[in-house]
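Number of protein chains: 2
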Amino acid sequence: MAHRGRPRGFDADAALKNAVEVFWRQGYEGASLSDLTAAMGINRTSMYAAFGNKEELFHRALALYAEEEMAYAREALAQPTAYAVIETFLRANAEALTRDDRPVGCLSVQGGLAAGGDNGHIARFLADSRLAGEQALAERLARAIEEGDLPPDTDPHALARYVMVVSEGNAVHAAAGVPREALLASVEIAMRAIPTRQLK
Amino acid sequence: MAHRGRPRGFDADAALKNAVEVFWRQGYEGASLSDLTAAMGINRTSMYAAFGNKEELFHRALALYAEEEMAYAREALAQPTAYAVIETFLRANAEALTRDDRPVGCLSVQGGLAAGGDNGHIARFLADSRLAGEQALAERLARAIEEGDLPPDTDPHALARYVMVVSEGNAVHAAAGVPREALLASVEIAMRAIPTRQLK
DNA sequence: CAGATTCAGTACCGAGCGGTACAGAAAAAG
DNA sequence: CTTTTTCTGTACCGCTCGGTACTGAATCTG
C-alpha cells in the first residue's frame, strides 16, 4: 500500500518521550492537552491525528516508560540469586526515582492515585500494570525456591509484594523530595528482611 | 461577645467529616465543590461562609483526619518497646487502610501526589505533614536507643523512614485494592528488618 | 418591634478543560 | 498538473471548574 499526501513532519517517538515527562511530573489529570502539546512541540490537531486522544496517548506514554525507564527491573530479574535480584532491583529503583535528568518519583504511582472520579479506570489500569511487575517478580522468586535459593516455606507472592511495597513507599518519599541516599538507606534496612541462602 | 443574627443551621464538624471522605476518595483536585457540598449536605454559599475556600476546607479536613483516623499512630508510640511501637503502628495502619466503612488507602498519600501544576503546594503540604509523623517516630526510636531498647549504632531517622516507607507502600497497595491480609503479610515480613532487644 | 446575620437557592463570572471544525499551505503519488 | 493527505494554526464547541453576587426567608439580639 503506497503512501499518499504530505508525510508526518515530526518524530512521533520523540514527541511521545516528551509526553512521558509531562505525565510523570503532573499525573494524568494534571497534564492538560496544552501542556502536552507544548512539550511535544506539535499542534493539538497533529496529536489527535497521531495518537487518537489523551487516554490513548497516556497508554502509549506508559508503555514507553515501562520499556525505557523500567529496563533496570528486567535486568534485576536476571541476577543469579533471589537476594541479588531483590537488592539490585531496589537499589536501581531508588536511583531511578531520583535521577536529576528526570522527574522525581514514579509515573505509575503518582500518575493516577488521586483519580477517583470519572478517571477511576486510569488508576485501575496503572495498578494492574504494577501488579504485572509484582507477578513477574513472584514467578522469579518461585523459581528461586525451586532452586533452593530461598527457604522452601517462603511465600513468593508475599515476598514479591513486600518488595513492591518498599519500592512504592520509596516512590512516595522520592516524590516528596527525599534524597537518593535516604532511599538507599531504606533499601539497606529493607534487605534485612530478605532471607539469604547462607542463613538457611 | 454576643451573637447576633440567625445561627448556623448545620453541624460544621459533621459536614467536615463528610468532606474528609470525599477528599479521601477523590484527592484534592479530584474533589469538586459540587461533590463536596453535596456530601456535606450544605449549600455552596454556606461552605464558603463557614470554611473560607476549598483549600482551607482541605486543611481543616486533613486536621480532622489526622486527629480521628490517625489516632492509632499516637497510641502506637506509647508502646513500651521500639519493636512493639513499630509492629503496633504498622498493623493498625494496615487495618486503617482497609476499613470497610472508610475509603481505602490514605488521604495524605493519595490526596495530592498527582498535584504537580498549580497545586504543587498541596503536595508539599501533605508531604510535610507525613514528615512530621516520621519525625515523631524517629524521636520515639531515639529514646528507645537511649533506653537500650535498640542497638546503639541504630540510626533512628533511617529506621523511622523505613517504617514510613512500608506504611506508604501499603497505602499504595491498599488504594489498588489489595486486601487487608496481604497488607498484614507485608508487615510481617517488614518486621524481620527490625532489631529486637533479645537479639542484641 | 428593628437590625443584624445566616440560611437555602439560583444564576452567573472568567477561566480552563478535552475535543472538533475549518482554514490555507506543503508535500507526496499518479 | 491534479489529487490526496497531512501539515500548522486558530477559532470554537459544550462542559466543568472555583468562586461570587444576589434574592427572600428565617432566626437570633437588643
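For the record, the sequence lines run as chains A and B. Take 19 as the starting number for the first sequence in this note's numbering and just add one per residue. Take 19 as the starting number for the second sequence in this note's numbering and just add one per residue. Positions of the beta carbon are idealized from the N, C-alpha and C atoms, including for glycine. Treat the numbers as computed from the prediction; the structure is a model and nothing was measured.
query: By the criterion of Cβ-Cβ separation under 8 angstroms, what are the contact partners of H191/A in chain B?
result: R179, M182, V183, E186
message: I'd like to know whether the C-beta of I1/B is nearer than 8 angstroms to at least one C-beta of chain A.
response: Examination of residue 1/B is not possible in this model, given that chain B is present from 19 through 218 alone.
- request: Could you pull out every residue in the same chain whose Cβ sits closer than 7 angstroms to the Cβ of I69/A, ignoring the five residues on either side in sequence?
  value: Going by the sequence as given, residue 69/A is Phe instead of Ile. Excluding residues within five positions, the ones whose Cβ falls inside 7 angstroms are L75, R78.
- prompt: Under 8 angstroms between the Cβ atoms of T172/A and Y101/A?
  reply: no
query: Can you give the Cα-Cα distance for R142/A and R43/A, rounded to whole angstroms?
result: 19 angstroms
query: With 16 other CB atoms within 10 Å as the buried threshold, where does S126/A fall?
result: buried
Enclosing alpha helix (DSSP H) for N188/A [first to last residue]: 174-193
message: Going by C-alpha to C-alpha distance, which of M88/A, L82/A, L168/A, A33/A sits closest to A223/A?
response: Chain A is shown only over 19 to 218; residue 223/A falls outside these bounds and no answer can be derived.
message: Could you compute how far the alpha carbon of K218/B sits from the alpha carbon of H191/B?
response: The predicted position of K218/B is uncertain, since its pLDDT is 42 and thus under 50; no value can be drawn from it.
message: Considering only their Cβ atoms, is the gap separating M182/B from E105/B smaller than 8 angstroms?
response: no
- prompt: Interface residues of chain B around S204/A at Cβ under 8 angstroms?
  reply: A176, R179, Y180, V183
Proximity test, Cβ basis, 8 angstroms: I140/B and chain A: no
message: So that I know if they touch, is there some Cβ in chain A lying closer than 8 angstroms to that of R210/B?
response: yes
field: Cβ separation of A112/B and V103/B, assumed to be a contact under 8 angstroms, to the nearest whole Å
entry: That belief does not hold up - the Cβ atoms of A112/B and V103/B are roughly 15 angstroms apart, past 8 angstroms.
query: Where does A11/A sit, in a helix, a strand or coil, going by DSSP?
result: The shown model of chain A, from 19 to 218, leaves out residue 11/A, and the question about it has no answer.
- request: Take A162/B and list the residues in its own chain whose beta-carbon comes closer than 6 angstroms to its own, dropping the five residues that flank it on each side.
  value: A100, L168
task: For my contact list, I140/A and Y46/A are in at a C-beta cut-off of 8 angstroms; report their separation, rounded to the angstrom.
output: 5 angstroms
- request: Spatial neighbours of P121/A within its chain, please: CB distance less than 7 angstroms, with the 5 preceding and 5 following residues excluded, ordered by chain position.
  value: E39, W42, R43
query: Cβ atoms of V196/B and L108/B: under 8 angstroms apart, would you say?
result: no
- request: Closer than 8 angstroms by C-beta to G123/B: which residues in its own chain qualify, once you throw out the five before and the five after it? Chain order, please.
  value: W42, L115, A189, V190, A192, A193
Partners in chain A for V122/B, counting only beta-carbon separations shorter than 7 angstroms: Chain A residues near V122/B: none, gap ~10 angstroms exceeds 7 angstroms.
- request: Report the residue from A30/A, I207/A, N137/A, A178/A whose alpha carbon sits nearest the alpha carbon of A154/A.
  value: A178/A
- prompt: When the cut-off is 8 angstroms and only beta carbons count, does E47/A lie next to chain B?
  reply: yes
query: Would you say G151/A reaches chain B, if we count a Cβ-Cβ gap shorter than 8 angstroms as a contact?
result: no
query: Three-state secondary structure (DSSP) at H77/B?
result: helix
field: Where the segment 90-108 of chain B meets chain A: residues whose CB sits under 9 angstroms from a CB there
entry: none
query: From P170/A to A176/B, what distance separates their C-alpha atoms?
result: 31 angstroms
query: Got a sec, what are the start and stop residues for the alpha helix (DSSP H) L155/A sits in?
result: 138-164
- prompt: Does the beta carbon of A200/B sit closer than 8 angstroms to a beta carbon anywhere in chain A?
  reply: yes
- prompt: Among E165/A, S52/A, S50/A, T63/A, which residue has its Cα nearest to the Cα of G27/A?
  reply: T63/A
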